[in-house]
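Structure record follows, encoded as structure tokens.
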């Protein structure tokens with residue numbers, strides 16, 4: 113019998129050149145070591161990425177997951193593969209690598225076994241699949257797509273939330289209820305009462321009364337205590353104390369296009385079946401709802417795309433993208449939950465966000481001077497800003513280096529935006545410039561970059577990082593995660609709402625969305641018989657300062673997903 117097995121490779125940060133990027137690639141995918149009696153097979157591939165590291169604190173990794181489709185499946189339905197934790201091979205190449213599998217086996221973390229840095233280039237990596245457990249009777253004509261995205265390990269341990277210095281703090285940030293404007297330490301013990309009350313009626317994070325007024329307690333290992341009795345009502349909430357993996361970059365446009373092209377949708381809803389066709393005109397209108405719910409420009413073509421380059425080819429029913437390395441910045445809560453579910457990850461909580469930024473270090477809040485960009489002062493007290501992702505830097509950002517409206521504030525693109533671009537006049541004194549609004553659409557006095565494609569909107573993820581950049585110049589967090597204080601506003605899960613406090617560090621996406629393209633209602637949050645639990649905001653937005661909390665962001669919204677670290681990590 114003729115066997116026709118289609119192997120497709122998808123790499124979620126697919127840069128054209130490694131010169132100024134850290135992109136990950138997967139190549140030469142094949143099936144090997146098939147055992148038709150045991151219904152097992154191994155997926156073999158090569159994988160590489162730039163600027164990998166492992167040090168005494170943490171490491172980067174690849175999160176590898178695989179989608180597959182049988183001939184009987186509709187064109188839009190790719191199932192999520194359940195891997196086997198045994199029978200795998202870490203391959204041969206530039207480093208000694210290992211796998212770590214989560215308990216649901218929906219993917220695998222792949223990273224260095226020992227301290228080292230540089231390019232990872234590994235051949236003949238093999239992941240084992242017991243396809244019988246996924247209810248696949250035969251792998252003949254099965255289509256496979258391999259995905260990999262860069263992650264960073266955040267180890268377990270204590271950290272701080274809020275940035276108060278005893279006198280001031282950023283907007284709506286966490287504080288000690290009985291010692292206002294002081295930051296909070298999160299350990300494995302119960303914290304003092306934590307609140308966000310500002311002394312006025314301004315509750316811009318829309319926290320419920322428990323957090324805003326009464327105060328709650330946080331234990332890194334025991335969860336959230338809402339009643340103040342040091343007994344957790346929400347013991348599984350991801351407090352950030354336990355180790356987890358975060359995406360190294362926010363989701364890129366290439367990643368989001370891959371997602372749209374491999375929606376793992378259920379075949380029916382309400383008794384309706386959907387056409388197996390690549391032609392959009394032949395797809396049932398109910399089925400199109402999934403795309404309408406996930407594509408930000410499905411029903412319209414705006415005059416200004418704002419550097420959004422994902423487009424639907426309606427004849428082939430496939431999405432294309434011309435700038436795959438650029439951040440996806442048209443996000444919303446539905447996109448965030450659906451993407452996290454599809455990739456077998458979960459959304460990041462605001463406590464994890466602060467941990468991923470500072471690590472174990474305390475915050476370094478300083479007030480901006482009245483003119484923001486001092487012309488004549490060289491003292492670090494004149495400018496250190498709020499608490500940004502790159503930490504307590506001591507180099508001054510002066511008006512002569514970055515003042516708004518001056519020639520020095522304009523970053524110059526090195527050339528065409530093809531995945532290798534960088535800003536050739538960037539230096540450490542210009543680190544506060546976020547080019548997302550810098551295309552000149554708001555007037556020449558606000559222009560912060562020139563060259564490239566032009567326009568206001570997101571830029572290439574990791575654009576400030578090179579193989580010689582420092583934490584400050586690259587904008588990296590304590591753990592080496594990129595772009596937290598730049599590019600679009602980041603969505604995170606807040607703790608000031610009764611819905612979001614039901615989130616569990618044990619629960620991740622299963623790789624399958626419902627027929628409308630949404631994450632299942634109970635995928636990440638608990639429900640009651642009357643629908644979702646109510647009260648408080650579910651999502652908050654982080655735009656620059658680590659601890660600032662708001663229910664709104666700038667007009668460009670990004671996100672990144674996380675996963676609790678496996679027990680055998």
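In the numbering used here, the protein residues as written are 113 to 681. Just so it is clear, CB atoms sit at the ideal spot from N, CA and C, and this is done for glycine as well. The model shown is predicted, which means the values in this text are computed figures rather than measured ones.
Residue 441 in three-state terms, based on DSSP: Along the chain shown, read from residue 1 onward, the residue named residue 441 stands at position 329. Three-state result, residue 441: coil.
Could you check where the alpha helix (DSSP H) with residue 599 kicks off and where it finishes? To locate residue 599, count along the chain shown from 1; it is residue 487. Run containing residue 599: none; DSSP gives neither H nor E here.
With DSSP as the reference, label residue 726 as helix, strand or coil. Residue 726 is absent from the model: the chain starts at 113 and stops at 681.
On the DSSP bridge list, what partners appear for residue 420? Here residue 420 is taken as the residue at index 308 of the chain shown, counted from 1. Residue 420 pairs with nothing; no bridge assigned.
Which residue marks the beginning of the alpha helix (DSSP H) containing residue 664, and which one marks its end? Here residue 664 is taken as the residue at index 552 of the chain shown, counted from 1. Premise fails: residue 664 is in no alpha helix (DSSP H) and is neither H nor E.
C-beta contact flag for residue 531 and residue 572 at 9 Å: Indexing the chain shown from 1 puts residue 531 at position 419. Indexing the chain shown from 1 puts residue 572 at position 460. Yes. Within cutoff.
Output needed for residue 316: all residues of its chain with C-beta closer than 7 Å, excluding positions within five of it in sequence on either side, in chain order. Position 204 of the chain shown, counting from 1, holds the residue named residue 316. Once the five neighbours on either side are set aside, the close Cβ partners of residue 316 are 283, 284, 662 and 663.
Helix, strand or coil: which one does DSSP assign to residue 679? Indexing the chain shown from 1 puts residue 679 at position 567. Looking at residue 679 - three-state DSSP - the assignment turns out to be coil, as it is neither helix nor strand.
Return the chain-ordered list of same chain residues with a C-beta closer than 6 Å to the C-beta of residue 164, the five sequence neighbours on each side being excluded. Here residue 164 refers to the residue found at position 52 when the chain shown is read from its first residue. Here the set comprises 172 and 232.
Rounded C-alpha distance that separates residue 584 from residue 578: The residue labelled residue 584 in the question sits at position 472 within the chain shown. The residue labelled residue 578 in the question sits at position 466 within the chain shown. Spanning the two alpha carbons is a distance of roughly 12 Å.
Using 9 Å as the limit for Cβ to Cβ distance, is residue 403 near chain C? The structure shown contains no chain C, having only a single protein chain.
Out of 652, 666, 436 and 213, state which residue places its alpha-carbon closest to the alpha-carbon of residue 546. In the chain shown, the residue the question calls residue 546 occupies position 434. Looking at the Cα atoms, 666 is the closest of the given residues.
Whole-angstrom distance between residue 307 and residue 482, CA atom to CA atom: Locating residue 482 in the chain shown gives position 370, counting from the first residue. Locating residue 307 in the chain shown gives position 195, counting from the first residue. Low confidence applies to residue 482: its pLDDT is 38, below 50, so where it sits in the model is not reliable, and the reading given next is rough at best. So the alpha carbons of these two residues sit roughly 28 Å apart.
Contact between the region 584 to 604 and the region 417 to 436 (3+ Cβ pairs under 8 Å): no
Going by beta carbon distance, what residues of the same chain come within less than 7 Å of residue 652, once the five residues before and after it are set aside? Translated into the one-based positions of the chain shown, residue 652 becomes position 540. So the list reads 317, 462, 604, 606, 661, 662 and 663, once near-sequence residues are dropped.
Can at least three beta-carbon pairs, one atom from the region 268 to 275 and one from the region 176 to 183, be found at a separation below 8 Å? Output reads no: the region 176 to 183 does not touch the region 268 to 275.
Just checking my contact of residue 458 with residue 675 at CB under 8 Å: how many whole Å lie between their CB atoms? As a working note, residue 458 is residue 346 in the chain shown. As a working note, residue 675 is residue 563 in the chain shown. Between residue 675 and residue 458 the Cβ distance is about 7 Å, and since that is below 8 Å, they are a contact.
For residue 358, which residues in the same chain have their Cβ closer than 7 Å to its Cβ, ignoring the five residues on either side in sequence? Here residue 358 refers to the residue found at position 246 when the chain shown is read from its first residue. Correct list, in chain order: 263, 264, 266, 460, 468, 593, 672 and 674.
Determine contact between the region 224 to 241 and the region 148 to 156, defined as no fewer than three beta-carbon pairs at a distance below 8 Å. yes
Whether residue 619 touches residue 635 by CB criterion (9 Å): The residue given as residue 619 occupies position 507 in the chain shown. The residue given as residue 635 occupies position 523 in the chain shown. In contact: residue 619 and residue 635 (Cβ atoms closer than 9 Å).
Quick one: residues in its chain with C-beta nearer than 6 Å to the C-beta of residue 152, no 5 flanking neighbours on either side, listed in chain order? Here the question's residue 152 lines up with position 40 in the chain shown. Excluding positions up to five away in sequence, the list reads 242.
Can the beta-carbon of residue 451 be found less than 9 Å from the beta-carbon of residue 561? Here the question's residue 451 lines up with position 339 in the chain shown. Here the question's residue 561 lines up with position 449 in the chain shown. No; because the gap between Cβ atoms is not below 9 Å, this pair is not in contact.
Measuring only the C-alpha atoms, how far is residue 372 from residue 401? Here residue 372 refers to the residue found at position 260 when the chain shown is read from its first residue. Here residue 401 refers to the residue found at position 289 when the chain shown is read from its first residue. Those two C-alpha atoms are separated by around 13 Å.
According to DSSP, is residue 114 helix, strand or coil? On the chain shown, position 2 is the one that residue 114 refers to. Because the pLDDT of residue 114 is 34, which lies under 50, any placement of that residue in the model is unreliable, and the number read from its coordinates should be weighed accordingly. Reduced to three states, the DSSP call for residue 114 is coil.
Under the DSSP definition of a beta bridge, which residues are partnered with residue 179? Along the chain shown, read from residue 1 onward, the residue named residue 179 stands at position 67. Residue 179 pairs with 192 and 257.
Status (buried if at least 16 other CB within 10 Å, exposed otherwise) for residue 677: Numbered from its first residue, the chain shown carries residue 677 at position 565. Its Cβ being crowded by 16 or more others within 10 Å, residue 677 is buried.
Is there contact here, the region 437 to 445 with the region 404 to 424, by at least three beta-carbon pairs under 8 Å? yes
Under DSSP, the alpha helix (DSSP H) around residue 371 begins and ends at which residues? Sequence index remark: in the chain shown, residue 371 carries index 259 (1-based). Segment 365 to 373, the alpha helix (DSSP H) holding residue 371.
Do residue 218 and residue 194 have their CB atoms nearer than 9 Å? Position 106 of the chain shown, counting from 1, holds the residue named residue 218. Position 82 of the chain shown, counting from 1, holds the residue named residue 194. For the pair residue 218 and residue 194, the CB atoms are nearer than the 9 Å cut-off.
Determine the contact status of residue 449 and residue 587, defining contact as a CB-CB distance below 9 Å. As a position in the chain shown, residue 449 is number 337, starting the count at 1. As a position in the chain shown, residue 587 is number 475, starting the count at 1. Going by C-beta atoms, residue 449 is not nearer than 9 Å to residue 587.
Residues that residue 524 bridges to, as DSSP identifies them: For the purposes of this step, residue 524 is taken as the residue at position 412 of the chain shown. Beta-bridge analysis with DSSP links residue 524 to 562.
From what residue to what residue does the beta strand (DSSP E) around residue 273 run? Counting from 1 along the chain shown, the entry for residue 273 is found at position 161. Looking at the DSSP string, the run of the beta strand (DSSP E) that includes residue 273 is 271 to 277.
For residue 537, is the classification buried or exposed, using 16 other Cβ atoms within 10 angstroms of its Cβ as the cut-off for buried? On the chain shown, position 425 is the one that residue 537 refers to. Exposed, since its Cβ has fewer than 16 Cβ neighbours within 10 Å.
Pull the bridge partners of residue 459 from the DSSP assignment, please. Here residue 459 corresponds to residue number 347 of the chain shown, with the count starting at 1. Bridge partners of residue 459: 673.
Are the region 291 to 302 and the region 324 to 343 touching by the rule of at least three beta carbon pairs closer than 8 Å? yes
From which residue to which residue does the beta strand (DSSP E) around residue 358 run? Here residue 358 is taken as the residue at index 246 of the chain shown, counted from 1. 356 to 359 is the extent of the beta strand (DSSP E) around residue 358.
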